[in-house]
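If you read the sequences in order, they're chains A and B. The opening position of the first sequence corresponds to residue 1 in this note's numbering, with each subsequent residue numbered one higher. The opening position of the second sequence corresponds to residue 1001 in this note's numbering, with each subsequent residue numbered one higher. Idealized CB from N, CA, C, for every residue including glycine.
Number of protein chains: 2
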Amino acid sequence: MSQADARPIGVFDSGIGGLTVLKELALQFPQESFIYLGDTARLPYGAKSASTIRKYCEQNIEFLQSLDVKAIVIACNTASAQMFEHEFEGLPVYNVIEPGAKRALSVSENQRIGVLGTRATINSQAYTKQIKLLSPAAQVFDQACPLFVPLAEEGWDADPITNLIVYRYLNPLLQNQIDTLILGCTHYPILKNSISRVTGKSVELVDSGEAIAQWLNQDFLAGRVNPRVSDRPRKILIMTSDYSAHFTDLAVRILKPIVADEFRVVEVQVQKVH
Amino acid sequence: MSQADARPIGVFDSGIGGLTVLKELALQFPQESFIYLGDTARLPYGAKSASTIRKYCEQNIEFLQSLDVKAIVIACNTASAQMFEHEFEGLPVYNVIEPGAKRALSVSENQRIGVLGTRATINSQAYTKQIKLLSPAAQVFDQACPLFVPLAEEGWDADPITNLIVYRYLNPLLQNQIDTLILGCTHYPILKNSISRVTGKSVELVDSGEAIAQWLNQDFLAGRVNPRVSDRPRKILIMTSDYSAHFTDLAVRILKPIVADEFRVVEVQVQKVH
Chain A
1 MSQADARPIG VFDSGIGGLT VLKELALQFP QESFIYLGDT ARLPYGAKSA
51 STIRKYCEQN IEFLQSLDVK AIVIACNTAS AQMFEHEFEG LPVYNVIEPG
101 AKRALSVSEN QRIGVLGTRA TINSQAYTKQ IKLLSPAAQV FDQACPLFVP
151 LAEEGWDADP ITNLIVYRYL NPLLQNQIDT LILGCTHYPI LKNSISRVTG
201 KSVELVDSGE AIAQWLNQDF LAGRVNPRVS DRPRKILIMT SDYSAHFTDL
251 AVRILKPIVA DEFRVVEVQV QKVH
Chain B
1001 MSQADARPIG VFDSGIGGLT VLKELALQFP QESFIYLGDT ARLPYGAKSA
1051 STIRKYCEQN IEFLQSLDVK AIVIACNTAS AQMFEHEFEG LPVYNVIEPG
1101 AKRALSVSEN QRIGVLGTRA TINSQAYTKQ IKLLSPAAQV FDQACPLFVP
1151 LAEEGWDADP ITNLIVYRYL NPLLQNQIDT LILGCTHYPI LKNSISRVTG
1201 KSVELVDSGE AIAQWLNQDF LAGRVNPRVS DRPRKILIMT SDYSAHFTDL
1251 AVRILKPIVA DEFRVVEVQV QKVH
C-alpha cells in the first residue's frame, strides 16, 4: 500500500492562464493542497525566446522546490514546450504537452488534429513533434492566436468581437477538416464557449487541465506520487511575482467554484534553496 | 554658439512600440545617431506594478548610459508614467507624458481631452494629473485598451475587426465630446488609420513621437542638448534584450522609410557601468 504525503502540489504559469489547470486539479483531487505560482512580473512568456523561457522555468521550479512541494505541474504550454524533463532533482515534473497530445490522439477519429497556441508554442512545434512521435500517420494543423490571451484577460469571453476573432483564427483549421482541437494555451479554456460555437459539435476540444488531471491520476494509482490523507481541509495558496488587483479579480472568477485560501506576492529570483 | 556632440541619443521601450517614436525622431533629426533598446525579454510593461516598472527603467537607463548616449528618451508611456525626473546623473531624460499633455492642451479648443493607454498607464493617471496641473479647468476622459498592442503586433492595422474594437473602446470618449485624443501608448500610432476612421476629422490625434520631437527640438535650440555635426552618415542601432524574428520583421515595417544600420541582442541586467 502506498504511503501518504501531505505536501502540496506546485503549479506554475507566467500568469493567470494556469489557473484553469489549477481549477481542474483542485476539482479532481479535493484532498490535495496546492501552491500556485503566477510569474506575473515577467509575463507573458508567449513572445519570448526559448532560452529565456527555459531560464525562467528553472527559477520557478527551484522556487517551488524550496517550498517543499511533492510534484510540479508546468501549467503553461509555452513553458512546457521548453521543459521536457519528467523530474527535477528527484521531484516529479509534469508538462502539459504530452498529456494533451496523447488525449487528442485518443479522441480523434480521423487523426487530423488542430493545435492553437501562443506564437512561442506554435514556433516550438512541441505538439506536432509529440503527436508525430506517438502516431506518425496523424496530421497536425496549427495556428498561433496572439489575441486570445488579452481577450480572455479583458473578460470578453461571451462577446461578438471574440467570436469574430475565433472564426478568423480557426477557419483555416476547419477547412482542413480537423475533428479534434488542442487548446494549447492554458488561457484558452476561458474562451471555450466562443471556440466551441465556431467549431460546432463535430470537433472535440482538448484542454490542458483535463488532460493533466487524467495523467496525474495514473501516477497517483502507480504510486509515483502519494496522496494527502487528512481530516483537515486542504489549502490552496496563490503566489504572484507582481501585485495586481486585476489579477486577483480574474483569479477569483476563473477558479470559481474553487476558492483560494490565500494570495501572496513573492520575489521569485531572490529566493534561494537552502 | 553651442558645441557639437556626436554621441547618439538613447531611446528605450519595453518592445516595438517605441519604434514609432524612434522613427519620428530619426525623420525630424536626420543628423542624429540613435541607439534603441527594446527590453523584449521583460515585455510588456503594461500589466506590471509601478515598482517593477520603475526598477526595469532604471536598469535600462543605466544600460544606455554605459553606452555613452547624450540624452535618453523614454519612448514608452507605461515607463514614462513612473519616471518623472528630467535628468539622471547629469544626463537629460525625456518622458512622453509632459510633451503629450502639453501638445493636447495646445490643440484642444473645448478642453475636453481623451486619453488611451495600457491598463498601467491609465491606472497611474499620469496624463490626467499632468493635464490638470497645466490647466485645472480641462476635462480628461480615459480608457485602457489592452487589445491594441496585440492587434498592432498581429499587423491587423487595416482590418474590420480592429475597427470594431477601436469603436468599442472609443465610443464612451466620443459620447463625452472630446475634441483631442492622446494616443498614450507608443504602439497606438500603428493603428492610427483605424482610430481616425472612428473619431472622424473633428478629433485631433496626439501621438508621442511628434510631441517628443517638438520638445527635443526646443532643447536643441536652448543648448541643453548639442547637435551632431558631421559629414559622415549617422548610425541607427537597435538592441533587444531577447531575440525574436517577428520583432525584426515588425521593426523594419514600422520604421519605414527609416532603415536601421544594425540589430543586436544584449543582456540588460548584466551590463555594468565602469
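Rounded straight-line distance, which links the Cα of residue j to that of residue i
i, j, result
"residue 1015 of chain B", "residue 1216 of chain B", "22 Å"
"residue 271 of chain A", "residue 1177 of chain B", "For residue 271 of chain A, the predicted structure reports a pLDDT of 43, less than 50, and the residue's modelled location is therefore unreliable. A value from the coordinates is still provided. Between residue 271 of chain A and residue 1177 of chain B, the C-alpha separation is close to 51 Å."
"residue 1171 of chain B", "residue 1182 of chain B", "15 Å"
"residue 128 of chain A", "residue 180 of chain A", "13 Å"
"residue 266 of chain A", "residue 1184 of chain B", "30 Å"
"residue 38 of chain A", "residue 1246 of chain B", "26 Å"
"residue 239 of chain A", "residue 263 of chain A", "6 Å"
"residue 82 of chain A", "residue 57 of chain A", "8 Å"
"residue 1043 of chain B", "residue 86 of chain A", "29 Å"
"residue 195 of chain A", "residue 166 of chain A", "6 Å"
"residue 1073 of chain B", "residue 1021 of chain B", "9 Å"
"residue 1096 of chain B", "residue 200 of chain A", "47 Å"
"residue 220 of chain A", "residue 1017 of chain B", "48 Å"
"residue 1169 of chain B", "residue 1193 of chain B", "15 Å"
"residue 1012 of chain B", "residue 1041 of chain B", "13 Å"
"residue 251 of chain A", "residue 61 of chain A", "21 Å"
"residue 241 of chain A", "residue 1055 of chain B", "14 Å"
"residue 1028 of chain B", "residue 144 of chain A", "37 Å"
"residue 84 of chain A", "residue 232 of chain A", "35 Å"
"residue 1222 of chain B", "residue 59 of chain A", "49 Å"
Residues near residue i by beta carbon distance below 8 Å, same chain, minus five either side
i, result
"residue 69 of chain A", "7, 8, 9, 10, 35, 91"
"residue 1274 of chain B", "For residue 1274 of chain B, the predicted model reports a pLDDT of 40, less than 50, meaning its position is unreliable and no value from the coordinates is stated."
"residue 26 of chain A", "32, 34, 236, 255, 258"
"residue 99 of chain A", "208, 211, 212, 214, 215"
"residue 202 of chain A", "179"
"residue 253 of chain A", "155"
"residue 1248 of chain B", "1263"
"residue 1261 of chain B", "1235, 1236, 1237"
Nonlocal neighbours in the same chain, by C-beta distance under 6 Å from residue i, ignoring five residues either side
i, result
"residue 142 of chain A", "115, 122"
"residue 1161 of chain B", "none"
"residue 1149 of chain B", "1187"
"residue 139 of chain A", "112"
"residue 1118 of chain B", "1046, 1078, 1185"
"residue 1124 of chain B", "1081"
"residue 108 of chain A", "179, 180"
"residue 1110 of chain B", "1179"
"residue 1204 of chain B", "1107, 1180"
"residue 1103 of chain B", "1206, 1211"
Whether residue i touches residue j by CB criterion (9 Å)
i, j, result
"residue 1046 of chain B", "residue 1189 of chain B", "no"
"residue 53 of chain A", "residue 120 of chain A", "yes"
"residue 48 of chain A", "residue 1230 of chain B", "no"
"residue 1174 of chain B", "residue 1198 of chain B", "yes"
"residue 1079 of chain B", "residue 1019 of chain B", "no"
"residue 225 of chain A", "residue 71 of chain A", "yes"
Sequence-distant residues of its chain with Cβ nearer than 7 Å to residue i (five each side left out)
i, result
"residue 1164 of chain B", "none"
"residue 24 of chain A", "209, 210, 213"
"residue 228 of chain A", "4, 5, 6, 31, 32, 33, 234"
"residue 1 of chain A", "The predicted position of residue 1 of chain A is uncertain, since its pLDDT is 49 and thus under 50; no value can be drawn from it."
"residue 101 of chain A", "127, 130, 131, 134"
"residue 151 of chain A", "162, 165, 191"
"residue 105 of chain A", "131, 134, 135, 138"
Meets three-Cβ-pair contact criterion under 8 Å: the segment 83-91 of chain A and the segment 155-162 of chain A: no
Ordered list of beta strand (DSSP E) runs contained in the segment 1062-1108 of chain B, each at least 3 residues: 1071-1074, 1091-1095
Inside the segment 5-46 of chain A only - beta strand (DSSP E) runs reaching at least 3 residues: 9-13, 34-38
Segments assigned alpha helix (DSSP H), at least 4 residues, entirely inside the segment 189-254 of chain A: 192-199, 208-221
Uninterrupted alpha helix (DSSP H) stretches inside the segment 1130-1165 of chain B (no shorter than 4 residues): 1148-1154
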